[in-house]
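Visitor: What the sequence shown shows, in my numbering, is residues 9 to 162, in sequence order.
Don't be surprised by glycine CBs; every beta carbon is placed ideally from N, CA and C.
It should be emphasised that the depicted structure is a prediction, and the values quoted were computed from it without experimental measurement.
Provided herewith is a single structure, encoded as structure tokens, for subsequent inquiry.
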Amino acid sequence: KGSEIGLLSKPYIEQGNGVPDLIAIQLIEQKIEENPNAKGFLFKGFPSTYVQAYIMDGILEKMHTSVTCMIEMQSNPLQCIKRLTQRSKTERRRTYDMDPEIIIHRIENYEQSALNVKNYYQKKNKYYSVKSDASEEVVFENLCKIVDEALKKA
């Protein structure tokens, strides 16, 4: 937020488009470099393309580590629209949450690229999914179980 590379991503996000791979990778590299003593990272919404997943693996390999797991939050598109519309009425709102056309465009973009990322991590036995239509408590509990299981395998 506020960095030069972060500002480059803003117009893409506001229009409901995916951030170009090069910009997304630079953002992630920046976060990793800013936290050299971190024991791990949790990235929301990344990688969002096959290219990002592949490059991320290369970056982590140089650091003698790897992705532990990739968790897809599965939700009905109508539920996504409902949640984002509700969020647009709160302090957490973002300008791109307020326009239903942008929300639908974001969902369509996600569905186009998510399958490639899912397949990439399935081949590595690192893909998990959580149905996110349940209550926050149930979703959180399921996420914790997945992370615990993945960390035991790592």
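1) Which ranges does the alpha helix (DSSP H) cover as unbroken runs of at least 4 residues, wholly within the segment 26-93, from first to last along the chain?
2) Taking the alpha-carbon positions, what's the P28 to A162 distance?
3) Helix, strand or coil for S180, going by three-state DSSP, please let me know.
4) Please determine, among N127, T98 and M106, the residue with the shortest C-alpha to C-alpha distance to E22.
5) Between K47 and Q120, what straight-line distance do the alpha-carbon atoms span, to the nearest angstrom?
6) Between D141, G26, K160 and K153, which has its C-alpha nearest R91's C-alpha?
7) Distance, Cα to Cα, L68 vs G14?
Guide: In short:
1) 29-42 and 58-70
2) Position 20 of the sequence shown, counting from 1, holds the residue named residue 28. Position 154 of the sequence shown, counting from 1, holds the residue named residue 162. When only Cα atoms are considered, P28 and A162 end up about 30 angstroms apart.
3) The structure shown does not extend to residue 180, since the chain is modelled only from 9 through 162, so no value can be given for it.
4) By one-based count along the sequence shown, residue 22 stands at place 14. Of the listed residues, the one whose Cα sits closest to E22 is M106.
5) The residue given as residue 47 occupies position 39 in the sequence shown. The residue given as residue 120 occupies position 112 in the sequence shown. Straight-line Cα distance between these residues: approximately 32 angstroms.
6) Here residue 91 corresponds to residue number 83 of the sequence shown, with the count starting at 1. With distances taken between Cα atoms, R91 lies closest to D141.
7) Here residue 68 is taken as the residue at index 60 of the sequence shown, counted from 1. Here residue 14 is taken as the residue at index 6 of the sequence shown, counted from 1. Rounded to whole angstroms, L68 to G14 spans 21 angstroms at the Cα level.
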